[in-house]
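**Student:**
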Amino acid sequence: MTMLDVENLSVRYGAVRAVDGVSLEVEDGEAVAILGANGAGKTSLLFAVVGVQRPVAGRVSVNGVDVTSTGPEEKLRRGVCLVPERRQVFDSLSVEDNLRLGAYVRKRLPRGQVTGEIERVYELFPVLGGRRTQSAGTLSGGEQQMLALGRGLMGSPRLLMVDEPSLGLAPTMVSVVMEALARLSSEGMAILLVEQNARMAMAIAQRVLVLERGRVVMSGSVTEVRSSERLRQAYLGV
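As structure tokens, this is what we get:
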């Protein structure tokens, strides 16, 4: 079943068209990567999908329901969560309090179930379990990225959209974060991954879209896109 269906989506900032008629689908349990240089429209596309930015044209559907005009909270209720670029954790709160905030849309969730889901995050990212009472602002960049992902998971999403998770991280931390995304994908969670590290993204994804100047210029399976000489030169350095 199609989890996310984006049809001819366009986003403008004044006279600038940041996203220009983009269409994409993400099936249940599928991982899709969006590649592109800075300014290609990747983040604007995610913002429009989740409802942070209102599109000027096009449609966004979740499980067949048109949700184009709804905001992030309604999208989250329908199982779509965005983990934004640069983490955006609450520095003054503890690791565990940050995670509890991630469950806010599930207000009637029993406390015991919230605790159980927090423990699941700690199982996915053991380093966070050892820092549960530590202020989030004292964590390393990689640990904050793990916390941002964990907070997103507390909303129990069926589709996790992640914007540039490797940005600014040490190579060892990049590996930990990407391995966690690969595990979530293998467990059946749909993932829409925006990433400049093409090698890492294509190690997780089944399908790839390439954006340039707000338009899809290439799409297909990982095998098809990887065989493109244009993509190899632009993103893989070969």
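For the sequence shown, the working numbering begins at 49 and goes up steadily by one. Glycine included, every Cβ here is placed at the ideal spot set by N, Cα and C.
#1: Scan the region 157-212 and note each continuous alpha helix (DSSP H) run of 4 residues or more that stays entirely inside, going in chain order.
#2: Hey, is residue 183's beta-carbon within less than 8 angstroms of any beta-carbon in chain C?
#3: Where does residue 219 land, buried or exposed, given buried means 16+ other C-beta within 10 angstroms?
#4: How is residue 68 classed by DSSP in three states: helix, strand or coil?
#5: Comparing C-alpha positions only, which one of 266, 109, 86 and 85 sits nearest to residue 96?
#6: At the level of alpha carbons, what is the spacing between residue 145 and residue 272?
#7: Between the C-alpha atoms of residue 141 and residue 202, what's the straight-line distance to the nearest angstrom?
#8: Under a three-way DSSP split, which group does residue 76 fall into?
#9: Grab me the residues of residue 56's own chain with a C-beta within less than 8 angstroms of its C-beta, minus the 5 sequence neighbours each way, in chain order.
#10: Taking the beta strand (DSSP E) that residue 55 falls in, what are its first and last residues?
#11: Can you tell me the Cα-Cα spacing of residue 197 and residue 63, whole angstroms?
#12: Spell out the partners DSSP gives residue 122 in its beta bridges.
#13: Quick one: grab the DSSP three-state call for residue 249.
**Tutor:** Reading from the atomic positions:
#1: Whole alpha helix (DSSP H) segments, 4+ residues: 159-172, 174-177 and 189-201.
#2: Among the chains of the structure shown, chain C does not appear; only one protein chain is present.
#3: Burial is judged here by how many other beta carbons sit within 10 angstroms of a residue's own beta carbon; residue 219 has fewer than 16 and is exposed.
#4: Here residue 68 sits in strand by DSSP.
#5: 109
#6: Spanning the two alpha carbons is a distance of roughly 43 angstroms.
#7: 16 angstroms
#8: coil
#9: 69, 70, 71, 105, 106 and 107
#10: For residue 55, the enclosing beta strand (DSSP E) stretches over residues 50-61.
#11: 34 angstroms
#12: Answer is none; residue 122 lacks a bridge partner.
#13: Assigned with DSSP and collapsed to three states, residue 249 falls in helix.
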